[in-house]
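Encoded as structure tokens, the structure appears first; notes follow it.
Chains as they are written, first to last, in full-length UniProt numbering: chain Z, 1 to 338; chain G, 1 to 338.
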């Protein structure tokens, strides 16, 4: 494990005794008020926090992992993927007597990093799980610089030292495209989620590469994961000169909304257009026809992430960890191209 | 606010100096190992934790609320109500710079109470939001005995001192029944969630009382919130001598599953049987026909709970707080009784 700032580091920097630093940090008398202020300032600068052994002495082992989410809370409320992931994380924590410190910071990765810095600096967490990997992800270097134990749900990236839980997004994309190729579709559309996310770019690459292998044409449109976007983009796609014969949507909400739009436009699914959902959820089987969907074991993914972090905190770096591939659940929303 | 155990209490109980207690609790030298052990044991017994002022001195205000859920993690993963609630809680916390300590403990309220006791004893939380009120709820007295600031999502109960967020479940039930009475239904069924939950009992009472006022017959069956249960109970209801003409399901998953079962049995909704969902969610509008549903502002409810707890922690006890009534969203799954 990386070294952390110690009381000795603070004492050295200020040219005072370790005892004075200790008194200041523990709120004991015997140190002048201005010295205390200077100690606290330096402690914060250096990211000092109470050591695990000191905690053990006071009977309060930490056993807390942190999760800060840079998403609007409204989006958080309907994200079935994240909740299944969280359930998986919790299932590991409850087995081992750990807790989760959670904060939904809104769409602001700077605030996410600042949250980690405070939690770590104040000794509130043992490590963090980093989710929603960005294409340009400034969180990673910041987290590594503060020597906060962390695992990344994403990657692998060549500049990253933390353990990565790697998903073969391109392979998942190929699964979908090959299913549609088998059904003789030649012109398909992929309505993705936001391209700021690394996994959305990887999925687009995977869909395009597989389509190229099969000589298929792909239209790629970027959505926000919201139903309203799916409605708008679906209308645009089907009202153009030569509509695609299959639509792949980036999440369950967009898929269900797109299906509803097709019904409103009196376009038969799957007879005229096939529909595939990138995520499976209770929504995809509630609709008629039930949707062909890429299903993954999202709770299992959450479990893997929590286990990798607890291993890291215990001193075992797991490197690159492969997350199991998705399976394509073929249902009635996909059929032979018209 | 209630008084908490202090270092002086510990010193008095052991007949040693406050300074010795302080050294022991802060992991400082100058106290014998066996004394330290005794201090830690008594501190744990008394539920001692570092005071807010000591925390302020060390620059680490707590600002954490706790939420321990006694549910199986599998159920947690699909509970849209809870996630919307959590999003509401988070929206208040992020505005004020607080964090949430979360633990899903499995179906075990003893472990939930034990979790609160440890979090509070170790100074990790400022207070808790208590959800999933039970009919016999032993958590409440335990939480009040440990003088942990808490708000109850439920009640009011005459033996409870903590602030209660009170929902008029009986009134919500009356809304549904009156809608069905207007449509000339005379024989209805209510497939509830588990009767261990206080809100499910209140809903049953409300449905029965409103039905009695309108001279309607009600069959009440207890479900588990799971789709499989709804399937089984729906079959039982419609295959009996005189089936009800309307089914009220206790959550969105049961409603959607019941609708699917009716379709499999070739029973037309709403022509032969009307269906009402007690909760509204993306599921209820994804299905065909979209479901008439009791909708509440669940994010708003989470906001109210978080605000009530932060007020309590700041010294302001809000007493009984009324949560806004649900609204009935009338859609195509309910119609005139056959």
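Positions of the beta carbon are idealized from the N, C-alpha and C atoms, including for glycine. Predicted, not measured: the structure shown is a model, and the values here were computed from it.
Could you pull the DSSP bridge partners for residue 197(G) from this structure? 134(G)
Between residue 124(G) and residue 170(G), is the Cβ-Cβ spacing less than 8 Å? no
What does the Cβ neighbour count give for residue 58(Z), buried or exposed, with the cut at 16 atoms within 10 Å? Residue confidence for residue 58(Z) is low, a pLDDT of 44 falling below 50, so the modelled location carries little weight and cannot support an answer.
Residue 178(Z) - DSSP class collapsed to helix/strand/coil: helix
With a threshold of 6 Å on Cβ separation, who are the neighbours of residue 133(Z) within its own chain once the five nearest residues in sequence on each side are excluded? 154 and 198
Here's the rule I'm using: 16 or more other beta-carbon atoms within 10 Å means buried, otherwise exposed. How should residue 213(Z) be labelled? By the Cβ neighbour-count rule, residue 213(Z) is exposed, with fewer than 16 other Cβ atoms within 10 Å of its own.
Would you please verify whether the beta carbon of residue 414(G) is less than 8 Å from any beta carbon of chain Z? Look at the range of chain G in this structure, 1 to 338, and you will see that residue 414(G) is not part of it.
Own chain partners of residue 97(Z) with C-beta closer than 7 Å, once the 5 adjacent residues on each side are dropped: 63
Rounding to the nearest angstrom, what Cα-Cα distance links residue 292(G) and residue 335(G) in this structure? 10 Å
Strictly below 8 Å CB to CB, what residues from chain G border residue 106(Z)? 94
For the region 141-150 of chain Z against the region 109-120 of chain Z, are there 3 or more C-beta pairs whose distance is under 8 Å? yes
Between the region 302-319 of chain Z and the region 257-264 of chain Z, are three or more C-beta pairs nearer than 8 Å? no
Evaluate the contact criterion for the region 239-252 of chain Z versus the region 320-333 of chain Z: three or more CB pairs, one atom per stretch, below 8 Å. no
By Cβ distance, which residues of its chain are closer than 7 Å to residue 42(Z), with the 5 residues on each side in sequence left out? 10, 13 and 14
For the alpha helix (DSSP H) containing residue 292(Z), list its first residue and its last residue. Run containing residue 292(Z): none in the alpha helix (DSSP H); it sits in the beta strand (DSSP E), 292-295.
Would you check if the distance between the CB atom of residue 151(G) and the CB atom of residue 188(G) is smaller than 8 Å? no
Endpoints, the beta strand (DSSP E) within which residue 328(Z) is located: 327-329
List, in chain order, every chain G residue whose beta-carbon is nearer than 7 Å to that of residue 395(Z). Chain Z is shown from 1 up to 338; residue 395(Z) falls before or after that span and cannot be answered.
I'd like the list of long-range same chain contacts for residue 20(G), defined as Cβ closer than 6 Å, with 5 residues on each side in sequence excluded. 31
State the DSSP-derived secondary structure class of residue 220(Z), mapped to helix, strand or coil. strand
Span of the alpha helix (DSSP H), counted from its first residue to its last, around residue 70(Z): Careful: residue 70(Z) lies outside any alpha helix (DSSP H) and carries neither H nor E.
Exposure label - residue 228(G); buried when at least 16 CB within 10 Å: Looking at its Cβ environment, which holds fewer than 16 other Cβ atoms inside 10 Å, residue 228(G) is exposed.
Where do the N-terminal and C-terminal ends of the beta strand (DSSP E) with residue 166(G) fall, by residue? 164-166
Taking 8 Å as the CB-CB limit, is residue 83(G) close to chain Z? Answer yes: the Cβ-Cβ gap between residue 83(G) and chain Z drops below 8 Å somewhere.
So, with DSSP's three-state summary, where would you put residue 150(Z)? It is a strand residue.
May I ask which residues mark the beginning and end of the beta strand (DSSP E) holding residue 103(Z)? 99-104
When the Cβ atoms of the region 175-194 of chain Z are set against those of the region 239-249 of chain Z, are three or more pairs found closer than 8 Å? yes
Closer than 7 Å by C-beta to residue 102(Z): which residues in its own chain qualify, once you throw out the five before and the five after it? Chain order, please. 67
Based on DSSP bridge pairs, tell me the residues matched to residue 173(G). In the DSSP output, where bridge partners are listed per residue, residue 173(G) has none listed.
Considering only heavy atoms of the ligand GDP, does any lie closer than 7 Å to the CB of residue 219(Z)? This structure lacks the ligand GDP; in fact it carries no ligand of any kind.
Report all residues from its chain with a CB closer than 7 Å to the CB of residue 160(G); omit the five preceding and five following residues, and keep chain order. 140 and 152
Counting only beta-carbon atoms, is residue 102(Z) nearer than 8 Å to chain G? yes
Sequence-distant residues of the same chain with beta carbon closer than 6 Å to residue 226(Z), five excluded per side: none
Does DSSP classify residue 309(G) as helix, strand or coil? helix
Between residue 177(G) and residue 142(G), is the Cβ-Cβ spacing less than 8 Å? no
For the alpha helix (DSSP H) that residue 230(Z) lies in, which residues bound it at each end? 227-238
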